[in-house]
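Scroll down for the structure; my scribbles are underneath it.
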Amino acid sequence: MEVRVLACPHCAAKISSNAKVCEYCGYEYMISSFSSLLKIGRQDINKYVAAYSDALKTNPNDPSLNRSAGICFMSLGIYDKALACFERQIDSNPEGSFAYYVSAMCLLNGKSAFITEKKKIDKAIEYLKAAIVIEEKGIYHYLMAYFKYDYYKRKFLKIEPDYNYHLSAAHSFGVSTEDILDLFNLLKVEVPKGFLETA
Ligand SMILES: [Zn+2]
Numbered sequence: 003m004e005v006r007v008l009a010c011p012h013c014a015a016k017i018s019s020n021a022k023v024c025e026y027c028g029y030e031y032m033i034s035s036f037s038s039l040l041k042i043g044r045q046d047i048n049k050y051v052a053a054y055s056d057a058l059k060t061n062p063n064d065p066s067l068n069r070s071a072g073i074c075f076m077s078l079g080i081y082d083k084a085l086a087c088f089e090r091q092i093d094s095n096p097e098g099s100f101a102y103y104v105s106a107m108c109l110l111n112g113k114s115a116f117i118t119e120k121k122k123i124d125k126a127i128e129y130l131k132a133a134i135v136i137e138e139k140g141i142y143h144y145l146m147a148y149f150k151y152d153y154y155k156r157k158f159l160k161i162e163p164d165y166n167y168h169l170s171a172a173h174s175f176g177v178s179t180e181d182i183l184d185l186f187n188l189l190k191v192e193v194p195k196g197f198l199e200t201a
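What follows is the structure, encoded as structure tokens:
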């Protein structure tokens with residue numbers, strides 16, 4: 003694996019190792035999940051994005067850098083840039099399920115599935131299928147259920163298996179109300195009426 007060079011978004015020290023924590027200031031500089039973003043203020047997210055974008059110029063295919071940058075872009079609502087990062091992550095590390103899951107989310111571009119064009123919905127469904135093949139998680143099935151409910155069911159279109167199948171799968175693999183609310187919060191979309199209740 004190539005060693006990346008990154009300026010620490012917190013103390014600006016040049017870091018040239020593949021560690022996730024800055025050896026100078028001790029800060030976690032490789033954001034690997036949405037929950038680690040909660041510790042960072044919105045203003046600081048921009049510093050992280052700047053550091054990642056800079057490092058990506060020399061290491062455009064570094065999967066960890068793309069994941070970190072994608073998470074930051076997504077939390078800022080810049081879905082097209084987030085999608086580009088996650089798709090590069092898929093190209094360089096196709097066996098990770100997370101990048102497929104978040105790519106499916108980015109395709110909505112902050113809008114509901116109902117008003118998104120079919121081409122994008124079908125691409126998102128393909129990404130989620132890939133994520134589920136790699137790792138069967140409740141939340142992946144829940145997002146799949148949302149796409150199939152809000153787009154297919156509400157437009158009276160047929161798709162097999164339908165959203166009910168994915169809702170039951172979501173619950174048999176386990177999904178909490180908190181996970182669901184976090185998901186819709188990231189999508190910047192309201193949970194469709196009646197959807198949580200049928201869950
Ligand atoms: Zn530092």
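Number 201 marks the last residue of the sequence shown (our numbering); no jumps.
Built from N, CA and C at the ideal position, the CB exists for glycine as well.
None of these values were measured; they are calculated from a predicted model.
Selected residue, minimal CA-CA separation from residue i, among the options
i    : options                : result
Y153 : S55, F116, Y142        : F116
F186 : G79, N61, D46          : G79
Y151 : S35, E137, N166, A57   : N166
D184 : F36, H12, Y31, Y50     : F36
A14  : I123, F175, Y50        : Y50
V193 : Y148, A171, A172       : Y148
Y144 : S170, N48, K160, I161  : S170
K190 : F175, K139, L109, E128 : L109
K120 : K59, I161, V135        : I161
L67  : K131, K113, L8         : L8
S55  : S38, I42, A86          : A86
L114 : M32, K195, K22         : Here residue 114 turns out to be Ser, not Leu, going by the sequence shown. When each option's Cα is compared against that of S114, the closest is K195.
S105 : T118, D82, E97         : D82
K155 : V23, I123, R69         : I123
Y102 : T118, K125, G112, N111 : K125
K157 : G43, T118, K59, C10    : T118
S34  : G28, G43, V23, C27     : V23
N111 : H12, N20, A84, A172    : A84
Residues sharing a beta bridge with residue i, DSSP
i    : result
E192 : Paired residue(s): none; E192 is not in a bridge.
V23  : E30
I117 : Answer by DSSP bridge pairing: none, since I117 is not bridged.
I17  : L8
Host alpha helix (DSSP H) of residue i (start-end)
i    : result
D124 : 120 to 136
C10  : It is not in any alpha helix (DSSP H) - C10 carries neither H nor E in the DSSP assignment.
D56  : 44 to 60
G140 : 140 to 149
L39  : 36 to 39
Inter-residue CB distance, residue i and residue j (contact presumed, cutoff 8 Å)
i    : j    : result
Q45  : G72  : About 20 Å; that fails the 8 Å criterion.
D181 : I141 : 5 Å
S94  : N63  : 4 Å
I17  : E25  : 7 Å
M76  : L188 : 7 Å
K139 : F175 : 6 Å
S2   : E137 : Outside the displayed span of the chain (3 to 201) sits residue 2, for which this structure offers no information.
Residue i Cβ short of 7 Å to ligand 2 heavy atom set
i   : result
Y29 : Of the ligands one can find in the structure shown, namely ligand 1, none is ligand 2.
task = Just list the alpha helix (DSSP H) runs in the stretch 75 to 108, keeping only unbroken ones of 4 residues or longer that don't cross its boundaries, in chain order.
result = 81 to 94, 99 to 108
message = Please give the ranges of any alpha helix (DSSP H) in the stretch 159 to 188, keeping only runs that are unbroken, at least 4 residues long and fully inside the region.
response = 165 to 175
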